Amino acid sequence: MFIDTHCHLDADEFGDTQDDIVRTALHAGVQRIVVPSVSRANFDTVRELCQRFPACSPAYGIHPMYTDDALPHDLAALRDLLQQKRPVAIGEIGLDFFIDHFDRARQEYFFAEQLKLAKEFDLPVLLHIRRAQDVILKHLRQHRVVGGIAHAFNGSRQQADEFIKLGLKLGFGGAMTYSRATKLRELAATLPLESIVLETDAPDIPPDFLERGQSNKPEYIACIAQTLADLRGMSIEEIARITTENVSSALPELPVTH
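Structure follows, in structure tokens:
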């Protein structure tokens, strides 16, 4: 059985097909799907989807690419939501320095404030990181959270080791399936296996076996797991067992069957 630690089930690309998506994922051996929010505007949608589908669990947070429109009272709304019903993590939060026009200072403000909430509520985090590995690490050292996942990890081996030292797992997904992603595949093959969890980031980061324009889905996590198994010379059964144990360590409040 597999766990998709990152799926935007509420994405517009999925329309109203969530019933089919979840049903097909369960049939493909996915036992849990973690659904992160990206802004205050979709807190309720994520919560409702996770209430509707028992296999889905929510994470709440303000994504760095949505911070330009975020307001300080959105953080108060997030705190209220955390007090009502604990999610499995705070996320998707982080920093995105890939797109130049986003306000970096504003991103860092919302990231730091959400790390403070994670520490206050003793919750792990789901981290979005693009061209901001070292700045993310700086904030994590200042605000020591209980752990979590560096989603769609694409940093160096040295940076990977630093995240692991801080108690985080590293998320690997569709990008790992591309043969040209040599550095990422080397990391997947050589990092301590206990530091790796699986994800799709559906509908984004489609694996290489999908045709251009097709959306990623949680059902493809087994194929992603097979790539990891091939890279490490292991059975897919062992990959499923160990990565599931890793998720339990990273997200201890996620209901998981071993």
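Numbering-wise, this note's numbering puts 105 at position 105 of the sequence shown, and it's gapless, one number per residue. Glycine included, each C-beta is placed from N, C-alpha and C at the ideal position. From a predicted model like this one, the values you see are computed outputs, not experimental measurements.
Those residues which DSSP pairs with residue i across a bridge
i: Cys-56; result: Ile-33
i: Val-125; result: Ile-90, Gly-148
i: Phe-172; result: Leu-198
i: Leu-95; result: Ile-129
i: Asp-4; result: Ile-33
Proximity below 8 Å, CB of residue i to CB of residue j
i: Asp-10; j: Val-46; result: yes
i: Asp-96; j: Ala-150; result: no
i: Val-30; j: Glu-219; result: yes
i: Ile-221; j: Asp-4; result: yes
i: His-6; j: Thr-227; result: no
i: Arg-32; j: Val-256; result: yes
i: Ala-225; j: Phe-14; result: no
i: Ile-62; j: Arg-40; result: yes
i: Asp-68; j: Phe-102; result: yes
i: Thr-177; j: Pro-203; result: no
i: His-143; j: Lys-165; result: no
i: Leu-49; j: Gln-18; result: yes
i: Gly-259; j: Ala-77; result: With the chain represented from 1 up to 258, any question about residue 259 goes unanswered, as that position is not in the structure.
i: Ala-152; j: Ile-236; result: no
8 Å contact criterion, which residue i and residue j should meet: CB distance rounded
i: Ile-90; j: Tyr-60; result: 6 Å
i: Leu-269; j: Ala-55; result: Beyond the ends of the chain as shown, which are 1 and 258, falls residue 269; an answer cannot be given.
i: Ser-87; j: Pro-58; result: According to the sequence provided, residue 87 is Pro. The question's Ser does not apply to it. 5 Å between Cβ atoms; contact.
i: Ile-93; j: Phe-111; result: 6 Å
i: Leu-198; j: Phe-172; result: 6 Å
Environment of residue i [buried if 16+ CB atoms lie within 10 Å]
i: Met-234; result: exposed
i: Phe-209; result: exposed
i: Leu-271; result: Any question about residue 271 goes unanswered here, given that the chain covers just 1 to 258.
i: Ser-37; result: buried
i: Phe-98; result: exposed
i: Gly-174; result: buried
i: Asp-74; result: buried
i: Gly-155; result: buried
i: Ala-70; result: buried
i: Gln-158; result: exposed
i: Ala-160; result: buried
i: His-258; result: exposed
i: Ala-260; result: Residue 260 lies beyond the range of the chain shown here (1 to 258); nothing can be said about it.
Closer than 8 Å to chain B by CB, residue i
i: His-128; result: Although the question refers to chain B, the structure presented lacks it and comprises just one protein chain.
Proximity test, residue i beta-carbon vs the ligand FAD heavy atom, cut-off 7 Å
i: Arg-144; result: Ligands in the displayed structure: none, and consequently the ligand FAD is not present.
Task: Meets three-Cβ-pair contact criterion under 8 Å: the segment 238-254 and the segment 188-195 - done: yes
Task: Inter-stretch contact (C-beta, 8 Å, three-pair minimum) for the segment 173-191 and the segment 124-131 - done: no
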